[in-house]
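Chains A and B, in that order, give the protein sequences.
For the first sequence, the working numbering assigns the number 325 to the initial residue and increments by one for each residue that follows.
For the second sequence, the working numbering assigns the number 11 to the initial residue and increments by one for each residue that follows.
Structure first, then comments.
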Amino acid sequence: MRHEPSRAERGTSLREASLTRRHFLLGGAASAAVALLAACSNKNSRNTSAPAATTGASQAATDTPAPAPSPALRQFIALSAVLTGVSLDVLDPGAAQGFLTALQTPPAGGMTVVQLAVAAGIPVGGSGTAPSFADLTAKGVLTPPAERITADAIATNWYSGQVAATGAGKAPSVITYNGALGWKALDFAMAPALCGGVFGFWSAKPAA
Amino acid sequence: MAQHHADVVIIGAGLAGGLVAARLAAAGAKVLVLESGPNRDRAAALQTFQQLGNDSKGLPDGPYPQVPYAPKPSTIDPKNYLIQQGPDLFKSNYERQVGGTTWHWLGSSFRLVPNDFKVKSAYGVGADWPVSYNDLEPWYGQAEKELGVAGDNAEDLGVKRSTPYPQPPISKSYLDQQVAAAVTGLGLVVATTPAARNSTIYQNRPPCCGNHNCIPLCPIQAKYDATVHTEKAKQSGAQILDQAIAYAVDVNSAGKVSGIRFKRPDGTQESATATVYVIAAHAIETPKLLLMSRTAALPNGVANSSGQVGRNLMDHPTLLSYALTAQPVYPYRGPLSTSGIENLRDGDFRRTRGAFRIEIGNDGWSWPVGDMTQIAAGLVTKQGLLGPQLAQMVNDRASRHIRMASLVEQLPDPDNRVTVSPDQNDAIGIPRPVINYKVDQYTLDGMAAAKQTHQQIYQALNATEVTVVDGFQGAGHIMGTYRMGTDPKTSVVDANQRSHDHANLFLLGSGVFPSAGCSNPSLTIAALALRAASAIKADLHR
């Protein structure tokens, strides 16, 4: 769940942060402040961290932007939005592609993503009005185990940002850091290591 | 064998080593620093952190991968490097790299309270220090300036100050304010934590912007770390050699240290000589090096005529708890901790049980349970939530997460000790440390008192799902293994941290603490290091 006013408020704070730091830069402050300026000036994307910005290094490889979403990807994103309970714009397309690729092999006992999407009434391309989660529940779409297993896998992947290991002793595959909904779905906080705003913002109650 | 020479050779490029290197180099001394671990790149460390699995992201050592030539204790597996002989597990770890453990420290920068320096005289337990609070007070002021401590001059933390904090305080979190309001009437005072974290632009580093990641890594270096001073030292001409692993301290027939031998990762050997030698490799690696440098003339090792090297290993065994508040407190914002309860750090109760301070966390349940990615995924897999109810529950519960940690005083016990393995070596043939460790009843009783206080606070907050984690956690505050004192028979170094046995050898770091108190030790390490730097400087000018 996300409330846009909260995000807008955060954006305002970050713009103020940029102005503040620009002022210091003009005063001759050091390169470290440049890092913070870069880190905070692009925070509406919630996708930047200071050292990477400073060095010009790319973001973590797992967060590289995806090309224009394919019809299959749009279908997956539409299905994901219903299952995770967040709005479409919260779901990072690059991460979505990673999850979709990982689910090419369905989870044990589960069905394919396409089968689940079709069962939910979401066509390839994700066009049209997506069903609500209440619709799916009312129609019992997620009641059969195969449907439920895949639905749970999609939601779990999105909230964790990673895909569970497929073999004993293997590490999970991190698909996205910035796009993990465990953090990104919060109205009031961000993933650690992302600049949250101007100094001291944590003292105030978040805007409703 | 390559040979190096300097006025001062320092082993360890962490907090103490960095400060002394910077001070002495600025004064014109030729300084060589030998650091066993590598240089770290902040951007690379951040990328490593982001690509860790969710169960490893919050670990202090997560962004800093092991290197075979300078192994270190792992948070997940405390037996990976330390040979633990119990009966209790020693759970604290440290980093071996340029900048040391300050890469992953929280930044809390307390002065010890006056009775911490005379706990034996005042309460009949532990050991007195050879310095008093008043002796150290000016050095605390200098240390605060070097580290850029942000604090609230108006708050009483049980000490008299002759200088103000160099930076305005780190603002209390919204969560802190809710706790402070709730505990009114319980005799508990929520105070702003003094922290080496910028509240302004200081030393050309930016103010904190709430990255909420002090542990394991501040991505913008708003939090002080010792690379600030290793860089200053370099700018003043000091040479910092990373991947230089000291394995022997040589002592001549006159009883003076005459050289350091060290290895490179490829096994090649080099040596360094100097007028003054400083070992600042923290409270496990320093005694390890001294003990493994034993010879026929020094069968107990270097600086160890007292037999105290490696003994009296201490930590602040930590009681950890968490709960769900009745109203949102909005954690997961700002520095990981901005306030604590400090008025329980001293009192007559210390005759019978350990003192404690309570750290109030802004990090929700990340430490005891797992971060929000893990908790949210658990709502799907364990509670079967999906759709809007899932998103709503994630927000609702996360907004009400709270945790507290009490750092409890531990007494020096000579049987809690570091020794070196006679037959188990690391990858380059250096003996691994052996740890014997037990948490005694004095500390356990302190933890029991802390538990009661945590429960009172949660009750005042009308919190539910109150959980006190069994046992103790490591605080990462490793202390006591080369204690300071006035008597060479019962201590290793004097009040200036000079070896009683070898006049040109100084041993720095929290290993010199004769007693532990319950306050985070880093500012005291820094103050003592600056004091030692003054003594070393005088030696060099002699």
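Ideal Cβ placement from N, Cα and C applies to all residues, glycine included.
Quick caveat: nothing in here was measured; it's all calculated off a predicted structure.
Name the chain B residues that come within less than 7 Å of residue 529 of chain A, Cβ to Cβ? 184, 340
Contact check, residue 239 of chain B vs residue 22 of chain B, beta carbons under 9 Å: no
Using the beta-carbon count (16 or more within 10 Å), is residue 363 of chain A buried or exposed? Low confidence applies here, because residue 363 of chain A scores a pLDDT of 42, under 50, leaving its location unreliable; read the following figure in that light. Flag for residue 363 of chain A reads buried.
Top-ranked residue by Cα proximity to residue 287 of chain A, from A/436, A/512, A/493: Residue 287 of chain A lies beyond the stretch modelled for chain A, which goes from 325 to 532, so this question has no answer here.
What do you get for residue 163 of chain B, buried or exposed, if any count of 16 or more other CB atoms within 10 angstroms of its CB means buried? exposed
When you compare each of B/358, B/193, B/184, B/235 to residue 208 of chain B by their alpha carbons, which one comes out closest? B/235
Using alpha carbons as the reference points, say which of A/409, A/521, A/467 lies closest to residue 483 of chain A. A/409
Which chain A residues sit within Cβ distance under 8 Å of residue 260 of chain B? Within chain A, no residue comes near residue 260 of chain B; the closest Cβ sits about 41 Å away, beyond 8 Å.
Smallest Cα separation from residue 510 of chain B: which of B/335, B/457, B/404, B/318? B/318
Test: residue 413 of chain A CB closer than 9 Å to a CB of chain B: no
beta-carbon residue 212 of chain B near the ligand GTP non-hydrogen atom, thresh 8 Å: The model depicted lacks the ligand GTP and carries no ligand whatsoever.
Using a Cβ-Cβ cut-off of less than 8 Å, list which residues of the region 475 to 492 of chain A approach chain B; keep chain order. 475, 476, 479, 480, 483, 484, 485, 486
Over the uninterrupted beta strand (DSSP E) stretch that includes residue 403 of chain B, give me the two end residues. Element bounds for residue 403 of chain B: not the beta strand (DSSP E) but the alpha helix (DSSP H), 397 to 409.
Going by the CB atoms, is the gap between residue 427 of chain B and residue 436 of chain B shorter than 9 Å? no
Please return the same chain residues whose Cβ sits closer than 6 Å to the Cβ of residue 26 of chain B, not counting the five positions on each side in sequence. 290, 518, 519, 535, 539
Between residue 444 of chain B and residue 287 of chain B, what straight-line distance do the alpha-carbon atoms span, to the nearest angstrom? 25 Å
From residue 59 of chain B to residue 69 of chain B, what distance separates their C-alpha atoms? 9 Å
Hey, residue 413 of chain B and residue 330 of chain B: beta-carbon distance below 9 Å or not? yes
From the DSSP output, read off the bridge partner residues of residue 286 of chain B. B/18
Are residue 349 of chain B and residue 169 of chain B touching if we call contact CB-CB under 9 Å? no
Please decide whether residue 414 of chain B counts as near chain A, where near means a Cβ-Cβ distance under 9 Å. no
Pairwise C-alpha distance: residue 299 of chain B and residue 432 of chain B: 13 Å
Taking Cβ-Cβ distances shorter than 7 Å, what residues in chain C pair up with residue 516 of chain A? Among the chains of the structure shown, chain C does not appear; the protein chains present are A and B.
Whole-angstrom Cβ separation of residue 413 of chain A and residue 390 of chain B, contact assumed at under 8 Å? With a Cβ gap of about 21 Å, residue 413 of chain A and residue 390 of chain B do not count as contacting.
Who are the near neighbours of residue 91 of chain B in its chain, counting only those whose CB is closer than 8 Å to its CB and skipping five residues on each side? 81, 82, 83, 84, 436, 442, 443
Since residue 203 of chain B and residue 102 of chain B should fall inside the 8 Å C-beta cutoff, what is the C-beta to C-beta distance between them, to a whole number of angstroms? 20 Å between Cβ atoms; not a contact.
Using 8 Å for Cβ pairs, my map puts residue 482 of chain B next to residue 309 of chain B. What's the rounded Cβ distance? Incorrect: roughly 36 Å between the Cβ atoms, too far for contact.
Could you tell me the alpha carbon to alpha carbon distance between residue 57 of chain B and residue 497 of chain A, rounded to whole angstroms? 15 Å
If residue 79 of chain B and residue 438 of chain B are in contact, beta carbons under 8 Å, what's the gap, nearest whole angstrom? 5 Å
Secondary structure at residue 381 of chain B, three-state DSSP: helix, strand or coil? coil
Same chain, Cβ closer than 6 Å to residue 242 of chain B, five either side skipped, listed in chain order: 32
Beta-carbon proximity check, residue 515 of chain B vs residue 189 of chain B, cutoff 9 Å: no
Evaluate the contact criterion for the region 35 to 46 of chain B versus the region 251 to 259 of chain B: three or more CB pairs, one atom per stretch, below 8 Å. yes
Alpha carbon of residue 116 of chain B to alpha carbon of residue 219 of chain B, nearest angstrom: 15 Å
Which residues in chain B sit within 7 Å of residue 496 of chain A, going by Cβ to Cβ distance? 63
Return the first residue and the last residue of the beta strand (DSSP E) that residue 57 of chain B is part of. Premise fails: residue 57 of chain B lies in the alpha helix (DSSP H), 52 to 60, not in any beta strand (DSSP E).
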